[in-house]
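1 is the number of the first residue of the sequence shown in the working numbering; add one for each residue after it.
We treat Cβ as the ideally placed atom computed from N, Cα and C, and that holds for glycine.
Right, one structure below, let's go through it.
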Amino acid sequence: MDTQERNSTPYPNIPAFLESDDREFRDPGVPSTVAVAGHPIHPILVQFPIAFLVGALLTDAVFWFTDDSFWARGSFWLIAAGLVGGVAAALTGLMDFLRIGRVRKRTAGWAHLILNVSALVLTIINLVLRWNNPISAVLPWGLVISVLVATLLGISGWYGGELIYRHKISVIGNGNPNQP
């Protein structure tokens, strides 16, 4: 496949809804503004809330099938931990969003932000519903909200990957954070 003289990225058959810019492909990338020794903090922090909130979906499903209250209580604590970790990840991601112009210029940046904020709001609702009685709140609404949160996190993660791998944001490099 010849991509050297085309005005597109070297990826074949990219759908029109994905933003691609040949300059970004050749760009060394933009480092994160929230990093320790060059390592961006946001990708490190997102692992825990994703695991906790997807784990809550799994424990909700196990509760649905077994009716064992252990799983409902486990979901409650996974959701609480997911919310705490999600807020930490959101703060570091928001700092990069506000400080790196390239992120705000991309649909993927806005989609990633909006989907994650939506997931956090739904997580708060899920936790509040379960606060006084984590067992009775699982079915049906706790399970429905857990499915929505896990789905939003999956889609948002895809957009986060777009920011890193396609637009080279939060990578080790010395590109211009405001260009292209």
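- The DSSP-derived three-state label of Pro140 is helix.
- In this chain, the alpha helix (DSSP H) harbouring Ile114 covers 107–130.
- Rounded to whole angstroms, Pro40 and Met95 show a C-alpha spacing of 11 Å.
- According to the DSSP secondary-structure assignment, Ile169 is paired through a beta bridge with Val30.
- Counting along the chain, Leu163 sits inside no alpha helix (DSSP H), nor does DSSP assign it H or E at all.
- Distance from the CA atom of Arg102 to the CA atom of Asp68, rounded to whole angstroms, is 48 Å.
- By the 16-neighbour rule on beta-carbons within 10 angstroms, Tyr165 is exposed.
- Looking at Val34, Glu162, Val36, His42, the one whose alpha-carbon comes closest to that of Thr107 is Glu162.
- Nearest Cα to Phe70 within the set Ser136, His167, Tyr159: Ser136.
- Looking at the DSSP output, Val36 shares a beta bridge with His39.
- For the options Ala37, Gly109, Ser156, Asn133, the alpha carbon positioned closest to that of Lys168 is the one of Gly109.
- When Leu78, Val46, Leu153, Ala51 are compared, the shortest CA-CA separation from Ala119 is found for Leu153.
- Closest by C-alpha distance to Thr59, out of Ala72, Gly86, Pro49, Val117, is Ala72.
- The alpha-carbon of Val121 is positioned some 14 Å away from that of Ala89.
- One alpha carbon belongs to Ala150, the other to Ile50, and they sit about 8 Å apart.
- Taking the C-beta atoms as reference points, Ile100 is found nearer than 8 Å to Val30.
- Ile135 sits in coil when the DSSP states are folded into three classes, being neither helix nor strand.
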